[in-house]
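Take a look at the structure set out below.
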Amino acid sequence: MRFLFKTSYAQDIQLFRDRVDAGWYGLLAVVVLLLPAVISDYYVGEVAWVFIYAICGVSLMVLVGYTGLISLGHAAFLGIGAYAHAYFLQHGMPWVVSVVLAIVITTACGIIVGLPALRMTGIYLAIATLAFSVIIQEVFSRWESVTHGFAGMPVGKPVIFGLSFDSDLAFYYLCLFFLVITLWLTRNLLRAPTGRAWVAIRDSEIAAQSMGVNLAIYKSMAFAYSAALMGLAGALFAHKIAYLAPDIFTILLSIQLLLLVIVGGLGSLHGAIFGAIFVALLPPVIAILRDSIPASLADATAATGIGLFGLIGEGIGSFLRKPGVEAGIFGLILVLVILLEPRGMYGRWLKTRIFFSTFPMYKRATFKRQKTYMKSERLR
Amino acid sequence: MSFFQADNLSINFGGIKAVDGVSFTVPKGQVFTIIGPNGAGKTTIFNLVSRIYEPTQGRLVFEGNDITRVPPHQIAALGIARTFQNIELFEHATLLENLLLARHAHKKSGFFAELFFLPSVRRMEVEHREAVERVIDFLDLQQYRDSLIVNLPYGVRKVTELARALCTDPKLLLLDEPSSGLNVEETEDMAFWIQDIRSLLGITVLMVEHDMKLVSAVSDQVLALNYGRPLAMGSPREVQTHPEVVRAYLGG
Numbered sequence: 290m291r292f293l294f295k296t297s298y299a300q301d302i303q304l305f306r307d308r309v310d311a312g313w314y315g316l317l318a319v320v321v322l323l324l325p326a327v328i329s330d331y332y333v334g335e336v337a338w339v340f341i342y343a344i345c346g347v348s349l350m351v352l353v354g355y356t357g358l359i360s361l362g363h364a365a366f367l368g369i370g371a372y373a374h375a376y377f378l379q380h381g382m383p384w385v386v387s388v389v390l391a392i393v394i395t396t397a398c399g400i401i402v403g404l405p406a407l408r409m410t411g412i413y414l415a416i417a418t419l420a421f422s423v424i425i426q427e428v429f430s431r432w433e434s435v436t437h438g439f440a441g442m443p444v445g446k447p448v449i450f451g452l453s454f455d456s457d458l459a460f461y462y463l464c465l466f467f468l469v470i471t472l473w474l475t476r477n478l479l480r481a482p483t484g485r486a487w488v489a490i491r492d493s494e495i496a497a498q499s500m501g502v503n504l505a506i507y508k509s510m511a512f513a514y515s516a517a518l519m520g521l522a523g524a525l526f527a528h529k530i531a532y533l534a535p536d537i538f539t540i541l542l543s544i545q546l547l548l549l550v551i552v553g554g555l556g557s558l559h560g561a562i563f564g565a566i567f568v569a570l571l572p573p574v575i576a577i578l579r580d581s582i583p584a585s586l587a588d589a590t591a592a593t594g595i596g597l598f599g600l601i602g603e604g605i606g607s608f609l610r611k612p613g614v615e616a617g618i619f620g621l622i623l624v625l626v627i628l629l630e631p632r633g634m635y636g637r638w639l640k641t642r643i644f645f646s647t648f649p650m651y652k653r654a655t656f657k658r659q660k661t662y663m664k665s666e667r668l669r
Numbered sequence: 006m007s008f009f010q011a012d013n014l015s016i017n018f019g020g021i022k023a024v025d026g027v028s029f030t031v032p033k034g035q036v037f038t039i040i041g042p043n044g045a046g047k048t049t050i051f052n053l054v055s056r057i058y059e060p061t062q063g064r065l066v067f068e069g070n071d072i073t074r075v076p077p078h079q080i081a082a083l084g085i086a087r088t089f090q091n092i093e094l095f096e097h098a099t100l101l102e103n104l105l106l107a108r109h110a111h112k113k114s115g116f117f118a119e120l121f122f123l124p125s126v127r128r129m130e131v132e133h134r135e136a137v138e139r140v141i142d143f144l145d146l147q148q149y150r151d152s153l154i155v156n157l158p159y160g161v162r163k164v165t166e167l168a169r170a171l172c173t174d175p176k177l178l179l180l181d182e183p184s185s186g187l188n189v190e191e192t193e194d195m196a197f198w199i200q201d202i203r204s205l206l207g208i209t210v211l212m213v214e215h216d217m218k219l220v221s222a223v224s225d226q227v228l229a230l231n232y233g234r235p236l237a238m239g240s241p242r243e244v245q246t247h248p249e250v251v252r253a254y255l256g257g
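As they're listed, the protein sequences go chains A and B. Each residue of the first sequence is one higher than the one before, counting from 290 in our numbering. Each residue of the second sequence is one higher than the one before, counting from 6 in our numbering.
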């Protein structure tokens, strides 16, 4: 076990806790930078998805995990960012200008959606953002002069300052760059007064207000910042998917993003990353299992002569090929996570880490949730 | 000019007059206590003073300024801080973060400075930390600095609430039942702290309290309420022996 000896207050507001932590993150950076050298092009593309989803995750984490405001309409922000970026690129804007404009537009939309949020909480806010998302989806399909409706809108490869990012490898590093920037900026906000004000609003609005937090400003700020990140993610998303159509940005995508932050673990940036890995890599994993399980069990039949293996394999294969199985598995995992590990994958990570750092002294009760009955009536 | 003055303060919830024409003045440097049976309107007065409720009638004057229409988030910056009867801490944050949030009214950094965590933000953060550490030393909370509030026992949470209010650098401190739920020893500590807050820090205290031992130990003046109306005002002894007050508590 490692004990930190603190000698100055500045130590508590550093980006990394200490040299050892910084070292681990450095190692992680090296691994991520060198990863494309060892995995195939297909997986380089899949990991780029992880990075894009991680930016979305950080965006939603700020809103849901830190400020305590729920949104079922984040796919709409992603769509606005993607369409705006595609539109400006089509009209000959330089890449950087186009991304900045896309971010500005999504931020503006975030503020507009954030305004009703000042009066709504919980389920009502979820419904309001859901309604926003439905309206925006309708706009995508009807505003044909800009979005080309269901005819779709092709998006080329990014060309930044004359450099073309047309290979999967180049795009991988582009997404990684923006993810690191996103994490750095968000971490800065979270260790500054703004981040504390967000957490305060999440835990007790009335106390936050009495300590001088202007609820209206900080709630709209959370919405605006979250939407801005979604705009950035949308621009990258547009390049990655290469062809925009209105039916991409549905409620299902919003729910998938919400699932991302819950499975990852609410209230931590690590959670956003873990959740992104989960959400982005589950579909390819299902695809692999779909083919490999029947094949390997058929091999087992061939080797042992027992026909049952082959039958089971075919059963699993055909089940995994059924439509909607992916959404079903997502739903099942969400239920299991909420039941068994409410703090998500980040919670599991913390437990594992503490298990090893205190080995062999780990006690299961360390993380047991204590029930307290202190809050009676709450002023709202 | 008085330090803090409530003038004919009233609020109605529908047909119920929760507070009905209450007037009092709190002189600077005193401990002023409001007592009364349950439902007398004590906490409602606090919510009126911290501007969470809108008074139906009456005026609030603090240091010569009318604060009756000031929005609630500006009250802290004026120098009025409060604690809550049912503990309203930020439960999933550490004690340190809770206290640092109380420095919010003194925040000077803008959004973009914080986004890039400029040296100015870093400097301000260290200054806030120093202010918070003084309060932590004052109330002996060192050992709990990095614990999450959810993991702290009730008594410590109660002290944390007091600490958080002190971190805003208040001139007037509103304490809503500081001793409720505390054991005898903790209540005695609380009494010492309230006395220290008044005499060492020079902060005026407006308090709602049920524990008459604590009230008589620390208060300079007491106001007794019943059904939102003032019954008696004066020194702790005078109010406790006032026939109207005795009747309100004991019936008859």
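For each residue, glycine too, the CB sits at the ideal point set by N, CA and C.
With a cut-off of 8 Å on Cβ pairs, the stretch 606-619 of chain A is in contact with the stretch 566-576 of chain A, counting three or more such pairs.
Note that the C-beta distance between residue 556 of chain A and residue 354 of chain A is below 7 Å. When DSSP assignments are scanned along the stretch 448-481 of chain A, the uninterrupted stretches of alpha helix (DSSP H) that are 4 or more residues long and fall wholly within it turn out to be 457-479. With a threshold of 16 other beta carbon atoms within 10 Å, residue 448 of chain A falls short and is exposed. Think of a sphere of 7 Å around the beta carbon of residue 98 of chain B: the chain A residues whose beta carbon falls inside it are 488 and 492, in chain order. Under the 7 Å criterion on CB atoms, residue 321 of chain A is classed as non-interfacial with respect to chain B. Assigned with DSSP and collapsed to three states, residue 610 of chain A falls in helix.
Residue 414 of chain A is not bridged by DSSP to any residue. At a cut-off of 7 Å between beta carbons, residue 482 of chain A contacts chain B. Residue pairing by DSSP places residue 200 of chain B in no beta bridge whatsoever.
Membership of residue 28 of chain B in the beta strand (DSSP E) is indicated by the continuous run 21-31. Put simply, the backbone Cα of residue 645 of chain A is about 37 Å away from that of residue 108 of chain B. Rounded to whole angstroms, residue 415 of chain A and residue 402 of chain A show a C-alpha spacing of 11 Å. For the pair residue 546 of chain A and residue 398 of chain A, the CB atoms are not nearer than the 7 Å cut-off. Among the bridge pairs identified by DSSP, residue 580 of chain A is matched with none.
For residue 85 of chain B, the secondary structure class from DSSP, reduced to helix, strand or coil, is strand.
A straight-line Cα-Cα distance of about 26 Å links residue 633 of chain A and residue 324 of chain A.
Proximity of chain A to residue 73 of chain B at the Cβ level (cut-off 8 Å) is not reached, the minimal Cβ distance being about 17 Å.
By the Cβ rule, the stretch 526-536 of chain A counts as touching the stretch 437-454 of chain A, because three or more pairs are nearer than 8 Å. Cβ contact annotation for residue 9 of chain B (same chain, cutoff 6 Å, sequence separation greater than five): 31, 67 and 177, in chain order.
Contact annotation for residue 504 of chain A against chain B: 78 [CB-CB distance below 8 Å, chain order]. Of all residues in the stretch 541-553 of chain A, none comes within less than 9 Å of chain B when Cβ atoms are compared. When secondary structure is reduced to three states using DSSP, residue 70 of chain B falls in the strand class. As for any alpha helix (DSSP H) of minimum length 4 sitting wholly inside the stretch 94-159 of chain B, the runs are 100-106, 116-120 and 124-144, ordered along the chain. Beta-bridge partners of residue 36 of chain B (DSSP): B:210.
For residue 405 of chain A, the enclosing alpha helix (DSSP H) begins and ends at 384-406.
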